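Structure first, then comments.
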Amino acid sequence: MNTDNRKTCCSINRNKVTHNVETKEKDFAREPLLEEPTKTNGERVLIPGGSFYMGDSFNEGFPQDGETPVKEVEVSPFHMDTFAVTNKDFSAFVKDTGYITESEKYGWSFVFYQFVDRDKVELAEPSNHWWLPVKDAYWSQPEGKGSSIEERMNHPVVQVTWNDAMAYCDWAGKRLPTEAEWEFAARGGLVKKRYPWGNELTPDGEHRCNIWQGTFPTYNDMSDGYIGTAPVDTFKPNGYGLYNMSGNVWEWCSDYFDPRYDHSKIKDPKGPDRGRGRSMRGGSFLCHDSYCNRYRVAARNSNPPDTSSSNLGFRCVSDIR
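Just so we're aligned, residue -4 is where the sequence shown starts under our numbering, counting upward by one.
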């Protein structure tokens, strides 16, 4: 078992940024949408449901994350979107509703330091020095003023909070997955495996996910092809036909996060009644084994529901009717 102190490149908190923070809603001129958006692509797969072993079978996780002991958990069948919500999808939502994200209301969001000029940083830096609270960073200009999603419409939307994701789901007639649903789906029918495709990270030398390659957090050799997000249909899907269930962006889940919660107590567990933030799964392009190996299917993490960043998105599910 990993006995290091809790290491995470991705647990961040707006409340820890205390200088020059504007927390009130404000009026602003949003950049025009880049293209006429269409309704969400509607691609989804049937997740058959059943019993599975939830948790870390290899004792590789952080004790504080609550990945052990392994529990037998049962989930009912449901539909899950084939891909994470894209910039194009989210553009359609914003165009249809006029929704303003929490990053826009706060006036800033967290951006990985290699993606910006430090001169843009007008807020205090959080303790993890690679996260810079950049003014005017939000979903359609993820790195702040001058950035754009024009060439990233098929990439996962980022800079969205749990609350933003819930608003999108409400509009789309969907919902966020529970942690149990997410892990069952991510495993793709495999039993007690490390990744959605098996136990080897790069089988036969083939990259199967978008994570950090090189020395974190200073050098990414991009051997998997990407330094930031990748298109949502990159790499091979898992056994259920789901893409990028490991790496690329963290995905919000509906549950509160509590490492002590026993998911095996009931069928279709929905998580604890309270916790420290909301759960997120899957890891991201910033994960690296030398620091944070949370791109495994059993791995867990959390953030406050009003927090957003360069590597945090979401995927929707829907009930079978």
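Even glycine gets a Cβ: it sits at the ideal position worked out from N, Cα and C. Quick caveat: nothing in here was measured; it's all calculated off a predicted structure.
One or two residues paired with residue i in a DSSP bridge
i	result
ARG276	GLU246
ASP76	ARG39
LEU307	TRP245
ARG170	VAL312
CYS287	HIS283
ASN215	GLY209
PRO151	THR81
PHE107	TRP126
GLY193	TYR190
GLN136	TYR133
TYR251	ARG273
Integer-rounded CB distance, given that residue j should sit under 8 angstroms from residue i
i	j	result
GLY278	TYR286	Their Cβ separation, rounded to whole angstroms, is 12 angstroms, which puts GLY278 and TYR286 out of contact at 8 angstroms.
ARG170	SER297	ARG170 to SER297, Cβ: 18 angstroms. No contact.
ASP60	PRO254	6 angstroms
ARG276	GLU246	5 angstroms
TRP166	PHE88	5 angstroms
VAL153	ASN306	6 angstroms
PHE309	VAL80	6 angstroms
GLU174	CYS282	GLU174 to CYS282, Cβ: 18 angstroms. No contact.
PHE73	GLY93	About 30 angstroms; that fails the 8 angstroms criterion.
GLY102	LYS130	6 angstroms
ILE42	PHE179	7 angstroms
GLU62	VAL106	About 29 angstroms separates the two Cβ atoms, so there is no contact after all.
Boundaries (first-last residue) of the alpha helix (DSSP H) holding residue i
i	result
SER46	Counting along the chain, SER46 falls outside any alpha helix (DSSP H), though it belongs to the beta strand (DSSP E) covering 45 to 49.
GLU99	97 to 101
Segment limits, beta strand (DSSP E) that includes residue i
i	result
GLU176	Here GLU176 belongs to no beta strand (DSSP E); instead the alpha helix (DSSP H) covers 174 to 182.
LYS90	Note, LYS90: premise wrong, no beta strand (DSSP E); alpha helix (DSSP H) at 82 to 92.
TRP125	Per DSSP, TRP125 belongs to no beta strand (DSSP E) and is neither H nor E.
SER71	Per DSSP, SER71 belongs to no beta strand (DSSP E) and is neither H nor E.
ALA298	The residue you asked about is not Ala; residue 298 is Asn in the sequence shown. Here the beta strand (DSSP E) through ASN298 covers 296 to 298.
Close-in-space but distant-in-sequence residues of the same chain around residue i (CB under 7 angstroms, 5 per side omitted)
i	result
THR77	GLU38, ARG39, VAL40, GLY236, LEU237, TYR238
THR302	ILE7, ASN8, ARG9, THR156
CYS164	ARG170, LEU171, CYS311
TYR133	THR96, SER98, GLU99, SER104, GLN154
ASP257	LYS66
ASN215	TRP207, GLN208, GLY209, ILE222
Neighbourhood of residue i by C-beta, 8 angstroms cutoff - its chain only, sequence neighbours within 5 removed
i	result
ASN194	LYS188
VAL227	PHE78, ALA79, THR81, ASN149, HIS150, PRO151, TYR238, ASN239, ASN243
PHE280	ASN205, ILE206, TRP207, TYR221, ILE222, GLY223, THR224, ALA225, GLY242, ASN243, VAL244, ASN306
VAL361	Residue 361 lies beyond the range of the chain shown here (-4 to 316); nothing can be said about it.
Same chain, Cβ closer than 6 angstroms to residue i, neighbours up to 5 away in sequence not counted
i	result
PRO299	ASN8, GLY272
VAL65	TYR48, GLY50, SER52
TYR251	GLY266, PRO267, ARG269, GLY270
ARG182	VAL292
ALA24	In this prediction, ALA24 has a pLDDT of 41, which is less than 50 and means its spatial position is unreliable; nothing more can be read from the coordinates.
TYR108	TRP125, LEU127
VAL70	GLY44, ALA175, GLU176, PHE179, ASP263
HIS202	ASP219
Does the pairing of the region 91 to 99 with the region 144 to 163 give three or more beta-carbon distances under 8 angstroms? As far as the Cβ criterion goes, the region 91 to 99 touches the region 144 to 163, which means the pair count is three or higher.
Are the region 256 to 268 and the region 223 to 234 in contact at 8 angstroms, needing three or more beta carbon pairs? The region 256 to 268 is not in contact with the region 223 to 234.
Specify whether the region 200 to 209 and the region 238 to 248 touch according to this definition: at least 3 beta carbon pairs, one from each stretch, less than 8 angstroms apart. By the C-beta criterion, the region 200 to 209 is judged to be in contact with the region 238 to 248, since at least 3 inter-stretch pairs fall below 8 angstroms.
Would the region 122 to 135 and the region 216 to 224 be scored as touching if the rule is three or more Cβ pairs under 8 angstroms? The answer is no - the region 216 to 224 does not touch the region 122 to 135, with fewer than three Cβ pairs under 8 angstroms.
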